[in-house]
Amino acid sequence: MVELLMMLFEACGAKYYIREEYLDEIDVDDVVVALVNLARKGEIEDYQGSKKKEFKNFKENLVSFWDTLVIECQNGPLFDKDLFDKCMDYIIALSCTPPRVYRLVASLMGLQLVTSFISVAKRLAVHRDTTQRQLNAERKKRVDGPRVESLNNRLSATHEQKLVIDEMMRKIFTGLFVHRYRDVDPNIRMSCIQSLGVWILSYPTLFLQDLYLKYLGWTLNDKSAGVRKAAVLALQNLYEVEDNVPTLSLFTERFSNRMIELADDVDVSVAVCAIGLVKQLLRHQLIPDDDLGPLYDLLIDDPPEIRRAIGELVYDHLIAQKFNSSQPGPKGNESEIHLGRMLQILREFSTDPILSIYVIDDVWEYMKAMKDWKCIISMLLDENPLIELTDEDATNLTRLLFASVRKAVGLRIVPASDNRKQYFSKAQKEAIENNRRDLTIAMMKNYPLLLRKFMADKAKISSLVEIIVYMNLELYSLKRQEQNFRTTLLLIKDAFFKHGEKDALRSCVKAIKFCSTESRGELQDFARNKLKELEDELLDKLKSATKEVIDGEDEYSLLVNLKRLYELQLSRPISIDEFYGDSITILHSFRNLDDEVVSFLLLNMYLDVAWSLHSIINSETVSEGSLSSLLSKRDTLLEELEYFLNAPPEVGEGSKSGNQLACRVCTILADVWCLFRKTNFSSTKLERLGYCPDVSILQKFWTLCEKQLKISDDTEDEDVNKEYIEETNRDTVMIAAAKLIASDTIPKDYLAPEIISHFVMHGAGIAEIVKSLITVLRKKDDNVSEIFLEALKRAYLRHLELSRSDDESIKSESFQECKNLAARLAGIFVGAARNKHRPEILKIVKEGIEYAFEDTPKHLSFLEASVLHFASRLPAPDIRDVLKDVQKRTENVNAEEDPSGWRPYNTFYESLLEKCAKNEGIQDEKEWTTTRQRGRPRKRQNIEGRRLFDEHGSSDEEDSINTSDQEDAQVEGDEEDDNAPLIHSLKSTSKLRSLRVSRQEN
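Heads up: the sequence shown begins at 22 in this note's numbering, then just goes up one per residue.
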């Protein structure tokens, strides 16, 4: 026994010797106190947490040892109330001590003992039941006799042993588990809950009752994700056993709401497990469908793991209806029935196609009917329908077909968070090709029928047309379906001229281009001829529409055909020299054209210029004629764009088309300037193509950009469903302007500070763009201090202009924007960057002070708004120099003449004084702490006066460990206070002083 106890102590990391003759006299508490003192002195080892190779399997070996010991002792020593009682006393006592390593290892041993006791108890129960059956059979033969007496004695002994083993399990549960399941260490808590789940599952006669189940319910609220997950997994295993469900009814009623809530847990792994648990509850019909509403909202959640888990739940419960035993199975085509139920779900998202795609993506993996192409096509064509489709259902089914096709060929239909390229195994590639083949075979004969039926439906045609891009066109020849291919292509061409919406046009262009490049032989020649015919027909329509506008007729035909030309030019070059001249004529002659028409005229002109430049750059020889033609087109385009800079379109809340035109002008100008920037062509034969706008044009360009930036979020939200809105919002304008600086298209002196001065004014989207631009500038080793200072000045000048207003809220808001800008820019210089860029920070501070004192007291508020955030980043010696500088500037000034004007100066001066004092206080603290012993500060503990081995396992010493952890975190927080706002300076300084005093007292 002595050797076993010493092994127990050594497993906990302590070497403590007990003499065998004193074993009965030694008190458990005295030994544990001595072990705790060893831990306080640091004379213990943490074998479980050790990285040494020899301790790699320490936990598994320790658990195996105790399990083997129990099994070997089950026929004698286990029930002698000596060996194991003594071991349990020490294990329970050690599990209640402050040292974490003791609690961890002791808990591990105690939990394993219960698990091993259960195997013995189950064997005893089987032996008892067998003996009881033998006794009953023997009593039927004779009432008394040696055989009956022997069986009675054996039954009594077995029953007694089982009572003993059950009592031993209860002792460990109440002495160890009840305290350790709420230990400060999440690993200990998790081990307890995992073990409890195993106990209840393997020995329900004792543990499957609310007395023990409640601990699983309580830990569903644990702050550690690992503990919550352990509780959920334990419950999943319990609900899988049908016989357990009746006993769990009260527990389910009490904790089912929390189980459903965990499906939206902050930890993804917990949420996924909780969704699996909810499926178990549904399978046993323990929760009503009304409680599942919040879960269905997770179909559009960000983490794909959660969406997939909810998708599986939706499929099992609502589509396949696996959990509904009261309803008979489906009659007829199972795929059609499943698709009908899916359409019922999609009706909830009909107004938002993006949400519909999310739902389809979530369920696709589990729903085979989504890959039943023949069934879907049959439903769309109304061939012997079991379900009569409404127009809304047909639209949703078309979306489902298109999304399922893309999924089947290995494409993502929902953007991935990491944007990593997909890689497929050989088996996956074969599956994708098989899916492509099955789709093509199913669509060959039916494709023309679908296109004819939905030709006029703009909600469906774009999805249907684009499906051909994911088909295997070679099969048309192999299956002798060339005529169907030709018919399909003609119908796609008809759709191109029948529709004028972006999605339909883009799909048609994509489909025809794919057919002209991916088909083979005669089919490819046919596709290319049709593409050429389409281009010629479009140019004829444009010529006719242009004549109509010149004759004073409606502009609609011109607008629609301009959109078609724009979509076509996005994918391939088209010769539009004649129409280019007509466009110039229209723009010159009709200045009152609709803004949208003007936008697409300019866009098509720009794309023609871009394709012409692309052709020249990629040509081996360049003719003078082509070069002159390009220069003429470029200069003409720039003249038209500059016209709109001089006479800008009306931009504002009520002028949506004006906003769109202004945005187009800004983005096209930026793109043209980037294409023809001088650095692209310097020292080459094409040097004359280089172009750089002058400052006056650049200023007008930025003025128009600023007007776009001032458009409110509400106005942009109203246009969110408008065509091409992603190309005509203020983020696009800011990207266009920032691109000019990032690509060195123009000098950064004027535009870079202007852009950066809007850092914090227009929401997160603009802020991210500006932040990216700053990153680019810093990577180029540019001296950003001058740009930052100029940006601060321009933001401050805007504030001064707004200060003339009588509205105090406008003044306050603009001043706060100046402070926010300075805080964001100063925040770039943190940590090591603060020391590295100290000269830049100092330069901003000095020149900022110079600017503030140029016009006193008018500009003094610049000190508080902008300079203060940078000055506070400086070390104490530099701050003292700054204080001396500003003090010297005010020696001969009477600040009492204008107290309000000089108030910002006083705020600036006092804040820096506080910062300087705080820095010195921290330095003193660091010097003092160098004399301390490194590591965790030791706590005074008065353990001798406390009985460790009693009913209360959650000791005050454990609480002291919590306090220690909090103090460590607090000290770390104090070290980071250097980055905190100055408003916390006085509090931090007083806190440091009180901390220093308390430590000196200790």
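Where is the CB? At the ideal position from N, CA and C, for every residue including glycine.
Beta-bridge pairing of R698 - partner residues as DSSP gives them: DSSP, once it has assigned bridges, lists Y712 as partnering R698.
Is I378 near V435, with beta carbons less than 8 Å apart? Yes, Cβ-Cβ distance for I378 and V435 is below 8 Å.
Continuous alpha helix (DSSP H) assignments of at least 4 residues falling wholly in the segment 156 to 199: Taken in chain order, the complete alpha helix (DSSP H) segments of 4 or more residues contained in the segment 156 to 199 are 167 to 193.
For the 8 Å Cβ check, are there 3 or more pairs between the segment 190 to 202 and the segment 105 to 113? Contact between the segment 190 to 202 and the segment 105 to 113 is present, because at least three Cβ pairs lie under 8 Å.
Skipping 5 residues on each side, what residues in its chain have a beta carbon closer than 7 Å to that of Q95? Scanning its chain for C-beta atoms nearer than 7 Å, with the 5 sequence neighbours on each side dropped, one finds around Q95 the residues V141, in chain order.
Leaving out the 5 sequence neighbours to the left and right, which residues in its chain are closer than 7 Å to L145 when beta-carbon positions are compared? Excluding sequence positions up to five before and after L145, its CB lies within less than 7 Å of the CB of T179, Q182, K183 and I186, all in the same chain and listed in chain order.
Should the segment 411 to 426 be regarded as contacting the segment 478 to 495, the criterion being three or more beta carbon pairs within less than 8 Å? A contact exists between the segment 411 to 426 and the segment 478 to 495.
How should H820 be labelled, buried or exposed, when 16 other C-beta atoms within 10 angstroms of its C-beta is the threshold for buried? So H820 ends up on the buried side.
Report all residues from its chain with a CB closer than 7 Å to the CB of E996; omit the five preceding and five following residues, and keep chain order. Because E996 sits at a pLDDT of 36, beneath the cut-off of 50, its placement in the model cannot be relied upon, and the point is left open.
Evaluate contact between the segment 746 to 760 and the segment 772 to 784, counting only Cβ atoms and requiring at least three cross-stretch pairs below 8 Å. The count of Cβ pairs closer than 8 Å, one atom from the segment 746 to 760 and one from the segment 772 to 784, reaches three, so the stretches are in contact.
What's the gap between the Cα of S764 and the Cα of C695? S764 and C695: Cα-Cα distance of roughly 7 Å.
L241 and F276 closer than 8 Å at C-beta: Yes. Within cutoff.
Starting from A812 and walking both ways along the alpha helix (DSSP H), at which residues does that stretch end? Taken as a continuous stretch (DSSP letters only), the alpha helix (DSSP H) holding A812 covers V805 to L823.
Give me, in chain order, the residues of the same chain whose beta-carbon lies closer than 7 Å to that of A88; leave out the 5 immediate sequence neighbours on both sides. Reading off the sequence, residue 88 comes out as Asp, not Ala. Contacts found: Q133 and S137.
Would you kindly report the start and end of the unbroken alpha helix (DSSP H) that includes Y260? Unbroken alpha helix (DSSP H) run through Y260: A246 to Y260.
Taking only the alpha-carbon atoms, compute the straight-line gap between K74 and D106 and give it to the nearest angstrom. Linking K74 to D106 through their CA atoms gives a straight-line distance of about 34 Å.
7 Å CB neighbourhood of R685 in its chain, flanking five on each side removed: Same-chain partners within the cutoff: S620, L623, L624 and T749.
Taking the alpha helix (DSSP H) that D231 falls in, what are its first and last residues? For D231, the enclosing alpha helix (DSSP H) covers residues D231 to W239.
Looking at E811: is its Cβ nearer than 8 Å to the Cβ of P774? Contact flag set, yes.
Where G602 falls: helix, strand or coil (DSSP): In the three-state DSSP reduction, G602 falls in the helix class (H, G or I).
Rounded to the nearest angstrom, what separates L813 and G711 at their Cα positions? Cα-Cα distance, rounded: 33 Å.
Assigned secondary structure, F874 (DSSP; H/G/I helix, E/B strand, else coil): In the structure shown, F874 sits in coil (DSSP, three-state: anything other than H, G, I, E or B).
For the putative contact between S290 and R201, defined by C-beta atoms under 8 Å, what is the C-beta separation to the nearest angstrom? Your pair S290 and R201 does not check out as a contact, with CB atoms roughly 23 Å apart and the cut at 8 Å.
Output needed for L560: all residues of its chain with C-beta closer than 6 Å, excluding positions within five of it in sequence on either side, in chain order. Taken in chain order, the list of residues that qualify is empty.
Whole-number beta carbon distance between C937 and S887, since they are thought to touch under 8 Å: That belief does not hold up - the Cβ atoms of S887 and C937 are roughly 19 Å apart, past 8 Å.
If you follow the alpha helix (DSSP H) that N21 is part of, which residue opens it and which one closes it? The structure shown does not extend to residue 21, since the chain spans only 22 to 1023, so no value can be given for it.
Three-state secondary structure (DSSP) at T152? The answer is helix: DSSP assigns T152 an H, G or I state.
Do the CB positions of T419 and K481 come within less than 8 Å of each other? Going by C-beta atoms, T419 is nearer than 8 Å to K481.
Coarse secondary structure for M782, derived from DSSP in three states: Coil, per DSSP.
Looking only at C-alpha atoms, which of I92, F76, V907 and F30 sits nearest to E868? When I92, F76, V907 and F30 are compared, the shortest CA-CA separation from E868 is found for V907.
So for K73, helix, strand or coil by DSSP? Look at K73 here: in three-state DSSP terms it is coil, with no helix or strand label.
Please report the distance separating the alpha-carbon of I865 from that of N915. Our two residues, I865 and N915, have alpha carbons roughly 27 Å apart in a direct line.
In this structure, how does DSSP classify G1029 when only helix, strand and coil are distinguished? The displayed coordinates of the chain run from 22 to 1023. Any statement about residue 1029 would go beyond what the structure contains.
Does the segment 648 to 661 come close enough to the segment 703 to 723 that 3 or more CB-CB pairs lie under 8 Å? Yes: at least three Cβ pairs fall under 8 Å.
Might you give, ordered along the chain, the residues of its own chain that have their beta carbon closer than 8 Å to the beta carbon of F445, omitting 5 neighbours on each side? The residues are G431 and I453.
Look at the alpha carbon of A32 and the alpha carbon of V54, and state the distance between them as a whole number of angstroms. A32 and V54 have their C-alpha atoms spaced approximately 17 Å apart.
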